[in-house]
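Single-structure report; data block below.
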Amino acid sequence: MVNLGPSRSLEVPVSVLAVNGRRVLADLVPGALARDIALVVAGAGLTGLAAQIALPVPGSPVPLTGQTFAALLVGAALGWQRGGAAMVLYLIAGVAGVPWFQGASSGMPASLGYVVGFVFAGVLVGHLAGRGGDRTPLRTVGTMAVGNLVIYAFGVPWLMAAANVSFGKALSLGVTPFLFGDALKIALAAGLLPAAWALVKRK
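For the sequence shown, our numbering gives the first residue as 1417, with consecutive numbering after it.
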């Protein structure tokens, strides 16, 4: 707060990319602009690293990777603005040539639609987390499930165009093989995020 005199004051926002208050885990980190930039870069980097954890799915051009889990986790932990910004950075840098998409790739692969979905999922998951959507296991399951649906909503149409397949075929290639893995990731997030908040409350 800047004092302008005995009867007037001016409120200065604490952070450029986040609202005031500890609404998401990243708000526990001190600082403002420098913190936000560091968190955005770190979120994009974490997603890039997680993307290298890939298991090929027989018959599908889209492998099972850790990047979906990382993207949703980043959105929940950083909040909608920083989480969304991290995914925008991940997307733009990858398309521009940074080899941090799955398999150390870049450019515009058949799975790019899922990466586009990360941006919108990160924003939505971050918004829900800011409203308490990551405080309990049940809420976290709902938040992450919605985030996954958003990713599929962008990934499937792109896969249809890139692979020149029908909607049903795109579902069998780019959705069905990953449902079990997504369920495991959601369960993991449902354990991690509420546990992190419980740890914070003890301090």
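Just so you know, even glycine gets a beta-carbon here, dropped at the ideal spot from N, CA and C. Since the model is a prediction, treat every value here as computed from it, not as a measurement.
Inter-residue Cα distance where the pair is residue i and residue j
i: LYS1617; j: LEU1441; result: 11 Å
i: ALA1554; j: TRP1496; result: Going by the sequence as given, residue 1554 is Leu instead of Ala. So the alpha carbons of these two residues sit roughly 20 Å apart.
i: SER1521; j: VAL1473; result: 17 Å
i: LEU1507; j: VAL1531; result: 6 Å
i: ALA1467; j: PHE1517; result: 6 Å
i: SER1527; j: ALA1512; result: 15 Å
i: LEU1600; j: ALA1470; result: 15 Å
i: HIS1543; j: ASN1580; result: 34 Å
i: GLY1510; j: GLY1597; result: 24 Å
i: ALA1586; j: GLY1519; result: 21 Å
i: MET1560; j: SER1582; result: 27 Å
Residue i versus the options, residue with shortest Cα-Cα distance
i: ALA1487; options: LEU1471, ALA1450, VAL1535; result: VAL1535
i: ALA1577; options: ASP1452, VAL1566, GLY1590; result: GLY1590
i: GLY1558; options: GLY1571, LEU1587, GLY1464, ALA1603; result: ALA1603
i: VAL1456; options: ARG1498, VAL1581, THR1463, PHE1570; result: ARG1498
i: VAL1462; options: ASP1443, ARG1439, GLN1483; result: As written in the sequence, residue 1462 is Leu, which differs from the Val given in the question. Ranking ASP1443, ARG1439, GLN1483 by Cα distance to LEU1462 puts GLN1483 first.
i: ASP1443; options: VAL1572, VAL1490, THR1481, PHE1583; result: VAL1490
i: ALA1606; options: PHE1594, THR1552, LEU1575; result: THR1552
i: LEU1595; options: LEU1575, LEU1565, GLY1584, PHE1570; result: LEU1565
Cβ shell of residue i (< 7 Å), same chain only, five flanking positions each side left out
i: LEU1609; result: ALA1492, ASP1550, THR1556
i: PRO1515; result: SER1521, SER1522
i: ILE1567; result: THR1484, TYR1530, GLY1533, PHE1534, ALA1537
i: ARG1439; result: GLY1495, GLY1546
i: MET1524; result: VAL1511
i: PRO1573; result: GLY1529
i: ALA1612; result: LEU1441
Those residues which DSSP pairs with residue i across a bridge
i: SER1521; result: PHE1517
i: THR1481; result: ALA1470
Neighbourhood of residue i by C-beta, 8 Å cutoff - its chain only, sequence neighbours within 5 removed
i: VAL1432; result: With a pLDDT of only 44 at VAL1432, under the threshold of 50, the placement of this residue in the model should not be trusted; the figure read from the coordinates follows. Only ALA1448, LEU1449, ASP1452 meet the Cβ criterion.
Same chain, Cβ closer than 6 Å to residue i, neighbours up to 5 away in sequence not counted
i: VAL1539; result: TRP1496, GLY1500
i: ALA1460; result: ALA1502, LEU1505, TYR1506
If you scan the region 1520–1588 from start to end, which runs of the beta strand (DSSP E) of 3 or more residues do you find wholly inside it? Listed in chain order, there is nothing to give.
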